[in-house]
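Right under this line is the structure:
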C-alpha cells in the first residue's frame, strides 16, 4: 500500500501542507499515523480525493496561471504560462495572441486537449507504451 506524508500529498495536490492538514482535521481527507506519530495519507484515498476535487471544479483540463513569456514572429506566437507548479507552452497564430491581449503578467487559462499522453513512474527507466 502506497502512503504519502502530508508534505508529499500537498505537493501532489498543488497546495500547502497546512491546507492538507486542515482538510484532514475537517475530515475531508483521511489520514493515519505512522510508528513515529506522523500523519500519512493512503495513496488510494489521496487519489479519490484528488478526483473529487477535479469533479467539483469541473476544471480537470484547465490550468489557470500567469503568462510568463510571449515570443511573436510575423505569423506565430509561443505563449508560456506558469500555472502553479506547471509550465504550459502553447503555439498559436500571432493574430490569436494579439486578439487575446496575451502579454507577460496577464492571467490566462490553458485548456489541454491531447491525443497522446506519456505516463512515467518517477525513478523507473521504463515508460508505458501508448497508442
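In our numbering, the protein residues as written are 5 to 135. Glycine included, each C-beta is placed from N, C-alpha and C at the ideal position.
Give me the Cα-Cα distance between residue 94 and residue 16, rounded to the nearest whole angstrom. Walking along the chain shown from the start, residue 94 turns up at place 90. Walking along the chain shown from the start, residue 16 turns up at place 12. Residue 94 and residue 16: Cα-Cα distance of roughly 24 angstroms.
Between which two residues does the alpha helix (DSSP H) containing residue 95 stretch? The sequence position of residue 95 within the chain shown is 91, counting from 1. Here residue 95 belongs to no alpha helix (DSSP H); instead the beta strand (DSSP E) covers 90-97.
Within the continuous beta strand (DSSP E) that includes residue 32, where are the two ends? Looking up residue 32 in the chain shown gives position 28. Careful: residue 32 lies outside any beta strand (DSSP E) and carries neither H nor E.
Distance CB(residue 85)-CB(residue 70) smaller than 8 angstroms: Taking the chain shown and counting its residues from 1, one reaches residue 85 at position 81. Taking the chain shown and counting its residues from 1, one reaches residue 70 at position 66. For the 8 angstroms CB-CB criterion, residue 85 and residue 70 form a contact.
Considering only DSSP beta bridges, list what residue 7 is partnered with. Locating residue 7 in the chain shown gives position 3, where the first residue counts as 1. Residue 7 pairs with 46.
Assuming residue 53 and residue 92 are in contact, meaning their beta carbons sit under 8 angstroms apart, how far apart are those beta carbons, in whole angstroms? Numbered from its first residue, the chain shown carries residue 53 at position 49. Numbered from its first residue, the chain shown carries residue 92 at position 88. That belief does not hold up - the Cβ atoms of residue 53 and residue 92 are roughly 24 angstroms apart, past 8 angstroms.
Take residue 98 as the anchor and find which of 111, 9, 48, 75 has the nearest alpha-carbon. Residue numbering aside, residue 98 sits at position 94 when the chain shown is read from its first letter. Comparing Cα positions, the closest option is 75.
Below 8 angstroms on the Cβ atoms is my contact criterion, and I expect residue 14 with residue 23 to pass it. Report the Cβ-Cβ distance as a whole number of Å. By 1-based counting over the chain shown, the position of residue 14 is 10. By 1-based counting over the chain shown, the position of residue 23 is 19. Right, their Cβ atoms sit about 7 angstroms apart.
Which same chain residues, not among the five before or five after residue 38, have their C-beta less than 7 angstroms away from its C-beta? Translated into the one-based positions of the chain shown, residue 38 becomes position 34. For residue 38, where only same-chain residues beyond five positions count, the Cβ hits under 7 angstroms are 44.
Within 10 Å of its beta-carbon, does residue 10 have 16 or more other beta-carbons around it, so buried, or fewer, so exposed? As a first step, residue 10 is located in the chain shown; it is residue number 6 there, counting from the start. Buried: at least 16 other Cβ atoms inside 10 Å.
Cβ-based burial, residue 83 [other Cβ within 10 Å; buried from 16]: Against the chain shown, residue 83 aligns to sequence position 79. Buried.
Burial state of residue 30, where buried means 16 or more other Cβ atoms lie within 10 Å: Residue numbering aside, residue 30 sits at position 26 when the chain shown is read from its first letter. When all chains shown are included, residue 30 counts as exposed.
Whole-number beta carbon distance between residue 87 and residue 114, since they are thought to touch under 8 angstroms: On the chain shown, residue 114 is found 110 positions in, with the first residue counted as 1. On the chain shown, residue 87 is found 83 positions in, with the first residue counted as 1. Right, their Cβ atoms sit about 6 angstroms apart.
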